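There are 2 protein chains.
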Amino acid sequence: MPYLTPAIRLRRTPFSRRVEEAGATAYTVYNHMLLASFFRSVEEDYAHLKKAVQVWDVSCERQVEIIGPDALRLLQLTTPRDLSGMADDQCYYIPMVDEEGHMLNDPIAIKLANDRYWVSIADTDMLYYFKGLANGFGLNAKAFEPDVSPLAIQGPKADTLIARVFGEKIANTKFFRYKTIEFQGKKMIIARSGWSHQGGFELYLAGSEYGEPIWDMLFDAGKDLDVRAGGPNLIERIEAGLLSYGNDITIDTTPFEAGLSKYCNLDKATDCLGHSALLAHQDPNRQIRSISIAGAPVPAITSYWTLKDQDGNRAGHISSATWSPDFETNVAIGMVDRAHWTPGTDLIVETENGEQSATVRDRFWI
Amino acid sequence: MPYLTPAIRLRRTPFSRRVEEAGATAYTVYNHMLLASFFRSVEEDYAHLKKAVQVWDVSCERQVEIIGPDALRLLQLTTPRDLSGMADDQCYYIPMVDEEGHMLNDPIAIKLANDRYWVSIADTDMLYYFKGLANGFGLNAKAFEPDVSPLAIQGPKADTLIARVFGEKIANTKFFRYKTIEFQGKKMIIARSGWSHQGGFELYLAGSEYGEPIWDMLFDAGKDLDVRAGGPNLIERIEAGLLSYGNDITIDTTPFEAGLSKYCNLDKATDCLGHSALLAHQDPNRQIRSISIAGAPVPAITSYWTLKDQDGNRAGHISSATWSPDFETNVAIGMVDRAHWTPGTDLIVETENGEQSATVRDRFWI
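Chains A and B, in that order, give the protein sequences. So the first sequence is numbered by numbering that gives the first Met the number 0: it starts at 0 and just counts up by one. So the second sequence is numbered by numbering that gives the first Met the number 0: it starts at 0 and just counts up by one.
Here it is as structure tokens:
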């Protein structure tokens, strides 16, 4: 594994010192910010995530705040998901598309008020798109990056830990809803959400200066729960079919290809700039599928692996893959052509280690 | 130094295999793409860059192509530099600003035709800003990322190498002008430019499949010139005062604070969206300065170091710094408040290793 050269441009977070003290081994860069990939090993972190509770510094899920009378209008321009029915305490996963219906990002939108939203972004500068649109359409809405850094609490014991530090009422928050907590006199929101299938919360740290005290409070309260530092886990997120923008989805992908049709309310979201284009994309010729790869553990994937049928014809590509200790197979996410996407179809995948057998599945693992 | 976890999202380049074979030790991530930081060591690469010739995989300087009847209009919306007089073979360094006159990027714009430009971007998704503006203003111009990957040839022997492979006429290209070469029947442009002070060229590889053949040709032709793989060098670029977006300049910086007033033609570039705001920013209260730091070599800088005056009052911050073997001092770039920015002013800088003496200089080192 190569080294990562430090620079201010790869921004530290309010939790970076604690992450270092916890022994982060490797990082990725996400939204111009450091994100720890693993601490002990990907496999050990994975096993622990599934049985205990972890605290993840996901500050790199930067927020774009959109505020002003036209805030909702600006947001709706970018997504085919109808936002009109969003409750006051609700979070929405929203595909974001350009005028051609191609994906620009797949963030969580959070409604803070009728004229104020946060967009918790995947790894592209959506701030720039919002600024361009707001300028061009002359909207009365402003987009900026606030001093807000999400901290995820994930794992089967996350509810126990949150109940201890913030009370049962907060621990009872419903999925993709948020409540408000107060820490040292500062109000912050906490949602039941997070990029794992193990359940948990995301606390939107409001004010970098509260980062270390909140981190320490969680670790003090969770000692007997074996709370550890962690991060989005490659194995667990593939098992759960959590898509990653930049890996599984890119600007070449439509929401329909990504299997996100349930978030495309084309009857209602007619203001979305990609609306006309999306109408024409509804019946895609390729789509994301869950794929198992037989044989030895696959190497780290750093560019698409070609999928072929038994006659050697191109059938698609693999975009994420790794060995799953729990399922004792390689778990993968791929983009598969219509002719080959039926569950049970046997294909061949070309990795750097040679060819391996692959099978299209009907669903992800967990 | 921590490890960098591989992922498709951190895109490989057309030259990545050659870069690995050349022994890249550490990388950074820039525009969602890998950029090798050094090979042997930063110091050894630096000494070699100043006396020989290096080939740099700077594919991460991604291009945004802007094409269409409104291409120039779209581009001019983003920059206070007057683009109307750009020659057909010219490259312009252009500060790009938002409606508040704050910097979004500092790319090189290249005029390919009256209705076609490339913007060779620093590390933010300018594509998204252009797309937002084009949509909002209803412009007849399209922005996209073409399959173009710059390869820099830098160092005092760069002219010799380029003359050998492309001929004297190409080697005689003037500063920030480009000429067209043909490689295996494919036309590409090559400009006299690059992110070092040692002189050289940037070849805009058009078509990833030509990457390794062009790399190999340059290395075959340059053997006796001691050609080596390299990359933008931290020491050399600070000595030369080459500013880095994300380090020295951010969205909180105006072009005037960055010392870029000569690229702000406010009498002519009235269509720039930040025009009114920039008129009010012309007399900044802080500005980028060359700074020397006395004493022991400073540690790697990963967040701003505070500058103080002799009474302990805040005087600004350091954004880039490293030890210079040639000048036998720490060379640095800082943002200094007006009260302290006069050359010769002695200040104190707080690094992770404690306080060191710093002095404001009148110019950079080379």
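We put the beta carbon where it would ideally sit given N, CA and C, even for glycine. These numbers come from a predicted model, not from an experiment.
Based on DSSP bridge pairs, tell me the residues matched to A:V346.
For the purposes of this step, residue 346 of chain A is taken as residue 347 along the first sequence, with counting starting at 1. Note on identity: in this sequence residue 346 of chain A is Leu, with Val being the wrong assignment. A:A357.
A:V226 to A:E64 span [Cα, whole Å]:
Start at 1 with the first residue of the first sequence, and residue 226 of chain A comes out as number 227. Start at 1 with the first residue of the first sequence, and residue 64 of chain A comes out as number 65. Each residue's CA atom was taken as its position, placing A:V226 and A:E64 some 31 Å apart.
For B:E351, list the residues DSSP reports as bridge partners.
Within the second sequence, numbered from 1, the residue matching residue 351 of chain B stands at position 352. Looking at the DSSP assignment, B:E351 forms no beta bridge with any residue, so it has no partner.
Whose C-alpha, out of B:A279, B:N312, B:S323, is nearest the C-alpha of B:A299?
Along the second sequence, one-based indexing puts residue 299 of chain B at 300. If we check each option's Cα against that of B:A299, B:S323 comes out closest.
What do you reckon, are the CB atoms on A:V28 and B:L3 nearer than 9 Å?
Your numbering for residue 28 of chain A matches position 29 in the first sequence. Your numbering for residue 3 of chain B matches position 4 in the second sequence. A contact, by the Cβ cut-off of 9 Å.
Quick one, are the C-beta atoms of A:A293 and A:V18 less than 9 Å apart?
Residue numbering aside, residue 293 of chain A sits at position 294 when the first sequence is read from its first letter. Residue numbering aside, residue 18 of chain A sits at position 19 when the first sequence is read from its first letter. The answer is no: Cβ separation not under 9 Å.
Where does B:I180 fall in DSSP's three states?
Locating residue 180 of chain B in the second sequence gives position 181, where the first residue counts as 1. The answer is strand: DSSP assigns B:I180 an E or B state.
In terms of DSSP beta bridges, what is B:M334 paired with?
Counting from 1 along the second sequence, the entry for residue 334 of chain B is found at position 335. Paired residue(s): B:I287, B:H316.
Just reading off the alpha helix (DSSP H) that B:R72 is part of, what are its end residues?
Taking the first residue of the second sequence as position 1, residue 72 of chain B is located at position 73. 70–76 is the extent of the alpha helix (DSSP H) around B:R72.
What are the boundary residues of the alpha helix (DSSP H) that includes A:G199?
Counting from 1 along the first sequence, the entry for residue 199 of chain A is found at position 200. Segment 199–205 is the beta strand (DSSP E) holding A:G199; no alpha helix (DSSP H) there.
State the DSSP-derived secondary structure class of A:N134, mapped to helix, strand or coil.
On the first sequence, position 135 is the one that residue 134 of chain A refers to. When secondary structure is reduced to three states using DSSP, A:N134 falls in the helix class.
By a C-beta neighbour count over all protein chains shown, 10 Å radius and 16 as the cutoff for buried, is A:F174 buried or exposed?
Taking the first sequence and counting its residues from 1, the one referred to as residue 174 of chain A is at position 175. Exposed: under 16 other Cβ atoms inside 10 Å.
Who are B:V28's beta bridge partners in DSSP?
Looking up residue 28 of chain B in the second sequence gives position 29. Assignment of beta-bridge partners to B:V28 by DSSP yields B:L33.
Rank B:R362, B:V348, B:K49 by C-alpha distance to the C-alpha of B:S356 and give the top, closest one.
For the purposes of this step, residue 356 of chain B is taken as the residue at position 357 of the second sequence. Cα-wise, what sits closest to B:S356 is B:V348.
What is the C-beta distance between A:R80 and A:P94, in whole angstroms, given that I count them as a contact (C-beta under 8 Å)?
One-based indexing of the first sequence puts residue 80 of chain A at position 81. One-based indexing of the first sequence puts residue 94 of chain A at position 95. With a Cβ gap of about 7 Å, A:R80 and A:P94 count as contacting.
With 9 Å set as the bound, which would you pick, yes or no: does the beta-carbon of B:H47 sit closer than that to a beta-carbon of chain A?
Position 48 of the second sequence, counted from the first residue, corresponds to residue 47 of chain B. Taking Cβ atoms only, chain A never reaches closer than 9 Å to B:H47, which makes this a no.
Counted within 10 angstroms of its Cβ, other Cβ atoms place B:M406 as buried (16 or more) or exposed
What the structure shows of chain B is the stretch from 0 to 365, and residue 406 of chain B is not part of that stretch, so it cannot be assessed.
Per DSSP, which one or two residues make a beta bridge with A:E64?
Counted from its first residue, the first sequence places residue 64 of chain A at position 65. The partner list for A:E64 (beta bridge, DSSP) reads A:W117, A:F143.
Taking its Cβ as the centre, do 16 or more other Cβ atoms sit within 10 Å of B:G193, making it buried, or is it exposed?
Within the second sequence, residue 193 of chain B is the residue found at index 194, counting from 1. It is buried - the Cβ of B:G193 has at least 16 other Cβ atoms within 10 Å.
B:G258 to B:W304 span [Cα, whole Å]
Translated into the one-based positions of the second sequence, residue 258 of chain B becomes position 259. Translated into the one-based positions of the second sequence, residue 304 of chain B becomes position 305. B:G258 and B:W304 have their alpha carbons spaced roughly 20 Å apart.
Whole beta strand (DSSP E) runs in the segment 216–285 of chain A with 3 or more residues, listed along the chain?
Taking only runs of at least 3 residues, the beta strand (DSSP E) segments lying wholly in the segment 216–285 of chain A are 227–229.
Please list, in chain order, the chain B residues whose beta carbon lies closer than 8 Å to that of A:F129.
Position 130 of the first sequence, counted from the start, is the residue given in the question as residue 129 of chain A. Below the 8 Å Cβ cutoff, chain B contributes G131 as neighbours of A:F129, in chain order.
9 Å Cβ cutoff met for B:A21 and B:I66:
Residue 21 of chain B sits at position 22 when you count from the first residue of the second sequence. Residue 66 of chain B sits at position 67 when you count from the first residue of the second sequence. One thing to note: B:A21 has its Cβ no nearer than 9 Å to the Cβ of B:I66.
DSSP bridge partner residues for A:S323 (one or two, in chain order)
On the first sequence, residue 323 of chain A is found 324 positions in, with the first residue counted as 1. Looking at the DSSP assignment, A:S323 forms a beta bridge with A:T328.
Report yes or no: is there a C-beta of chain B within less than 9 Å of the C-beta of A:L9?
Along the first sequence, read from residue 1 onward, the residue named residue 9 of chain A stands at position 10. Nearest CB-CB separation between A:L9 and chain B: below the 9 Å threshold.
Would you please verify whether the beta carbon of A:G137 is less than 9 Å from any beta carbon of chain B?
Looking up residue 137 of chain A in the first sequence gives position 138. Using a Cβ-Cβ cut-off of 9 Å, A:G137 counts as an interface residue toward chain B, since at least one Cβ of chain B sits closer than that to its own.
Taking B:N30 as the reference, give the member of B:L73, B:V52, B:Y45, B:Y127 with the closest Cα.
Within the second sequence, numbered from 1, the residue matching residue 30 of chain B stands at position 31. When only C-alpha atoms are compared, the closest one is B:Y127.
Along the alpha helix (DSSP H) that carries A:D158, what are the first and last residues, could you check?
Along the first sequence, one-based indexing puts residue 158 of chain A at 159. For A:D158, the enclosing alpha helix (DSSP H) begins and ends at 157–165.
Contact list for the segment 64–88 of chain B against chain A, Cβ threshold 7 Å:
Within the segment 64–88 of chain B, no residue has a Cβ that lies closer than 7 Å to any Cβ of chain A.
Use the C-beta contact count for A:K186: other C-beta atoms within 10 angstroms, 16 or more gives buried, fewer gives exposed.
Working through the first sequence from its first residue, we reach residue 186 of chain A at position 187. By the 10 Å Cβ count, A:K186 comes out exposed.
Please report the residue range of the alpha helix (DSSP H) in which B:V52 lies.
Taking the second sequence and counting its residues from 1, one reaches residue 52 of chain B at position 53. From DSSP, B:V52 is part of no alpha helix (DSSP H); its letter is neither H nor E.
Please tell me whether A:G198 and A:Q53 are closer than 9 Å, where the distance is taken between their beta carbons.
By one-based count along the first sequence, residue 198 of chain A stands at place 199. By one-based count along the first sequence, residue 53 of chain A stands at place 54. Their beta carbons are not under 9 Å apart, which means A:G198 does not touch A:Q53 by this criterion.
What residues match up with B:Y127 in a beta bridge as DSSP calls it?
Position 128 of the second sequence, counted from the start, is the residue given in the question as residue 127 of chain B. In the DSSP output, where bridge partners are listed per residue, B:Y127 has none listed.
Selection of the segment 12–31 of chain B by Cβ proximity to chain A, strictly under 9 Å:
Result list: S15, E19, A23, T24, A25, Y26, T27, V28, Y29, H31.
Going by beta carbon distance, what residues of the same chain come within less than 7 Å of A:H280, once the five residues before and after it are set aside?
Mapped onto the first sequence, residue 280 of chain A falls at position 281. Taken in chain order, the residues that qualify are G100, T253, F255.
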